[in-house]
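Some notes on the structure that comes next.
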Amino acid sequence: MRHEPFFLNDWVVYPELNRATCGSETVHLEPKIVDVLVYLAERAGSVVSRQELMSEIWSDTIVLSDSLNRCISQLRSAFESGCDGQRIIETIRKRGYRLIADVRAVRASGDSLVQTLAPSVDNDTSSSSFTSSGHQPGNVTFSLATSMIPNWYRYSSSVDG
């Protein structure tokens, strides 16, 4: 089953890659945890029972409820302590779980995806907005070029003989 990337609050979730990004932060998730997240995202705002999650996600396996507890705990840990710090899953006592995050398709907001994944580049060279470490694209290009010159010189000298 193929799942397209989607927004989860400020995160972009890539189910096929088992990861999510928010700005420069990336979290890697286990496949079953991604399966639980996708299942909840497809039913965002609705209460999903523990039994339904267990039978749908682990349909071919006998599993203890601890596996689901661990998945929910890891989802909360990954997303709620991350870049936006917002709660994503609500426990509905004696009923199940409800995804309370804002879920949007990436295709519907392609510009937002580009802004989320690509760092902003400011043409003003006095600004350091390209990366968190303050490197400008021109500096990186210059560094690469100057580091290649000695190797090119050695290579061309050995070829000329």
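Anchor point for the sequence shown: position 18 equals 18 in this note's numbering, and the numbering is continuous, going up by one each time. Every residue gets a Cβ at the ideal spot worked out from N, C-alpha and C, and that includes glycine.
Residues bridged to residue i (per DSSP)
i: His163; result: The structure shown does not extend to residue 163, since the chain is modelled only from 1 through 161, so no value can be given for it.
Contacts around residue i, its chain only, beta-carbon distance under 6 Å, and the 5 residues preceding and following it disregarded
i: Val34; result: Pro15 and Asn18
i: Glu90; result: Arg98 and Ile100
Sequence-distant residues of the same chain with beta carbon closer than 8 Å to residue i, five excluded per side
i: Gln74; result: Leu29, Glu30 and Ile33
i: Tyr39; result: Val48, Leu53, Glu56 and Ile57
i: Ser65; result: Arg50 and Met54
i: Ile88; result: Leu8, Asn9, Leu75, Arg76, Phe79, Glu80, Leu99, Ile100 and Ala101
i: Val103; result: Phe6, Phe7, Leu8, Ala41 and Ala44
Beta-carbon separation (whole angstroms), residue i vs residue j, contact threshold 8 Å
i: Val106; j: Cys71; result: Not quite, the Cβ-Cβ distance comes to about 23 Å (not below 8 Å), so this is no contact.
Close-in-space but distant-in-sequence residues of the same chain around residue i (CB under 7 Å, 5 per side omitted)
i: Val27; result: Arg19, Ala20, Ala78 and Gly82
Enumerated in chain order, which unbroken segments of the alpha helix (DSSP H) with a length of 4 residues or greater are wholly contained in the segment 50-100?
50-57 and 65-80
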